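All remarks here apply to the structure that follows.
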Amino acid sequence: MEAKNNGIEAYSTPTEDMVVVISAVACGAREKVGGRLLFERALIECKRIGLKKIFVVETGDQAGSSILEESDLLTSHQIIRFRGNIARDVYRAGVVKDKFIFIDGSYLIDPRLLKFLISSQPPCYFSGQSSGEVALGYFTKTDLDTWATHGPEAVLTSSVELALSDIDKYNPEIRGEQEPYLVKVSSKRDAARATWTLITRNQKKVMDLPSMYIDPPFENTLTFALCYTHVTPNQVTIFNLIVAFVVGCLFWTGHFVAGAFLTYAAEILDGVDGKLARAKIIFSKLGEYECYVDFLYEHWWYIAIAVGLKHQGYGSAVWWAWGILAVSDIWDNILYTMSEHWYGKSLDLLTPFDSAFRKIAGRRNIYALI
């Protein structure tokens, strides 16, 4: 059902005719989590793994319609009107030809659950909060007919119930293990809690000590606040570049203490843009190349420090120190790139020693702490 390669799960690829039905009937499906309507999150995650035939069941009342109009991800032919029985409404719509994925849009679903589900054999499901409730399921058209006629219990008795413990805890996106989540949202308070869960569960693993113990409270609080604004991850990245440039200017002019303190702002913003991107599910080319941007402004700092020290009367040794630091950092980046190419994972993940050494390895955050 699933294979693993270098610690990264390999899931089945969805077929072209696989249909997804997302229920936006429950009020929680129309709450915003991570800055997006909850049912919309499910829709985006489906598209990210290659599912294309997606339909949304909605109430059709004035409140529901007005909220659905906020989404630019839907077209009218993707909407199925709810008339009291979801299964019957979907069956009558004629969108299911063979197998289909059912998603209760009022749940915040870990993307790994969806990937695991489509690698399984129907009928199977992850149960919801209440008895007989399906949070996420994979069924056939025959199951849909049975559900429409006899209710969900008739289908669930012959279906395999999947558990969160079935999911491999290793998450390549955060470079480490993380418990999978499945969170029910019924109110704005639930939505706020789900947003916080989303942010904290996307904390990357295998980091240096400042990133593990100093930065997260500041990063998470700022990310949570920005989730409820129109600020994008790219805007945070650009603002961080401005801060990084100012830091370099301070070093260049010999204001080392002020520059050192401001590096913490850059350090925190560097974590916020990634967390905000994962929370809002907004990814861009700038985000993909952020590591190169970080590389450039870090070397701008190194040059600025050397110039600042030179202005303060230090001899030619500062240029030797800068050269050694620059060459070492470039070689370090080459090794990381080679590790990704040869082993399919970061150099920090090759052995337990590498993961432990990462905590104190000479990098920007460690230099700032020193």
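As numbered in the working numbering, residues 13 to 382 make up the sequence shown, in order. C-beta: ideal position from N, C-alpha, C; glycine also. A quick note: this is a predicted structure, and the numbers were derived from the prediction, not measured.
Between the C-alpha atoms of VAL45 and ARG53, what's the straight-line distance to the nearest angstrom?
Within the sequence shown, residue 45 is the residue found at index 33, counting from 1. Within the sequence shown, residue 53 is the residue found at index 41, counting from 1. Distance between the alpha carbons of VAL45 and ARG53 is about 8 angstroms.
How about ASN246 and LEU298: are their beta carbons less than 8 angstroms apart?
By one-based count along the sequence shown, residue 246 stands at place 234. By one-based count along the sequence shown, residue 298 stands at place 286. Yes, these two residues count as a Cβ contact at 8 angstroms.
Distance check for SER358 and LEU234, CA to CA, integer angstroms please.
On the sequence shown, residue 234 is found 222 positions in, with the first residue counted as 1. On the sequence shown, residue 358 is found 346 positions in, with the first residue counted as 1. One alpha carbon belongs to LEU234, the other to SER358, and they sit about 27 angstroms apart.
Find the nearest neighbour of GLY286 within the set GLU231, ILE372 and ILE130, judged by alpha-carbon distance.
Taking the first residue of the sequence shown as 1, we reach residue 286 at position 274. Here the closest residue by C-alpha is GLU231.
Exposed or buried, which one is VAL269 when buried takes at least 16 other CB atoms within 10 Å?
Within the sequence shown, the letter at position 257 stands for residue 269. Exposed, since its Cβ has fewer than 16 Cβ neighbours within 10 Å.
Looking at the unbroken beta strand (DSSP E) that takes in TYR119, where does it start and where does it end?
On the sequence shown, position 107 is the one that residue 119 refers to. In the DSSP annotation of this structure, the continuous segment of the beta strand (DSSP E) that includes TYR119 starts and ends at 119 to 121.
Can you tell me the Cβ-Cβ gap for GLU57 and PRO123, rounded? I've got them flagged as a contact below 8 angstroms.
Translated into positions along the sequence shown, residue 57 becomes position 45. Translated into positions along the sequence shown, residue 123 becomes position 111. Right, their Cβ atoms sit about 5 angstroms apart.
What residue range is occupied by the uninterrupted beta strand (DSSP E) comprising LYS111?
As a first step, residue 111 is located in the sequence shown; it is residue number 99 there, counting from the start. LYS111 -> beta strand (DSSP E) spans 111 to 116.
Please state the DSSP three-state secondary structure of THR152.
Your numbering for residue 152 matches position 140 in the sequence shown. Of the three classes helix, strand and coil, the one that applies to THR152 here is strand, per DSSP.
Please report the Cβ distance between LEU1 and VAL248, rounded to the nearest whole angstrom; I am assuming they are in contact, meaning their Cβ atoms lie under 8 angstroms.
The displayed coordinates of the chain run from 13 to 382. Any statement about residue 1 would go beyond what the structure contains.
Near ASP101, which residues of its chain fall below 8 angstroms by C-beta distance, leaving aside the five closest residues on each side in sequence?
Here residue 101 corresponds to residue number 89 of the sequence shown, with the count starting at 1. Answer for ASP101: VAL69, ILE92, ARG93, PHE94 and ARG95, listed in chain order.
Do you know offhand how far SER367's Cα is from GLY188's?
Reading the sequence shown from its first residue, position 355 is the one you call residue 367. Reading the sequence shown from its first residue, position 176 is the one you call residue 188. Taking the straight line from one Cα to the other gives about 10 angstroms.
Can you have a look at THR169 and say buried or exposed, based on whether 16 or more other CB atoms are within 10 angstroms of its CB?
For the purposes of this step, residue 169 is taken as the residue at position 157 of the sequence shown. When all chains shown are included, THR169 counts as exposed.
Would ALA41 pass as a contact of SER131 if the rule is Cβ separation under 8 angstroms?
Along the sequence shown, one-based indexing puts residue 41 at 29. Along the sequence shown, one-based indexing puts residue 131 at 119. No.
If you follow the beta strand (DSSP E) that LYS196 is in, where does it begin and where does it stop?
By one-based count along the sequence shown, residue 196 stands at place 184. Segment 194 to 196, the beta strand (DSSP E) holding LYS196.
Three-state secondary structure (DSSP) at SER340?
Counting from 1 along the sequence shown, the entry for residue 340 is found at position 328. The answer is helix: DSSP assigns SER340 an H, G or I state.
What's the C-alpha gap between VAL305 and VAL255?
Looking up residue 305 in the sequence shown gives position 293. Looking up residue 255 in the sequence shown gives position 243. When rounded, the distance between both Cα atoms is 13 angstroms.
With burial defined as no fewer than 16 other Cβ atoms inside 10 Å of the residue's Cβ, what is the status of ILE342: buried or exposed?
Position 330 of the sequence shown, counted from the first residue, corresponds to residue 342. Burial call: exposed.
If you count every other CB in all the chains shown that lies within 10 Å of the CB of THR363, and 16 or more means buried, which is it?
Position 351 of the sequence shown holds residue 363. Exposed: under 16 other Cβ atoms inside 10 Å.
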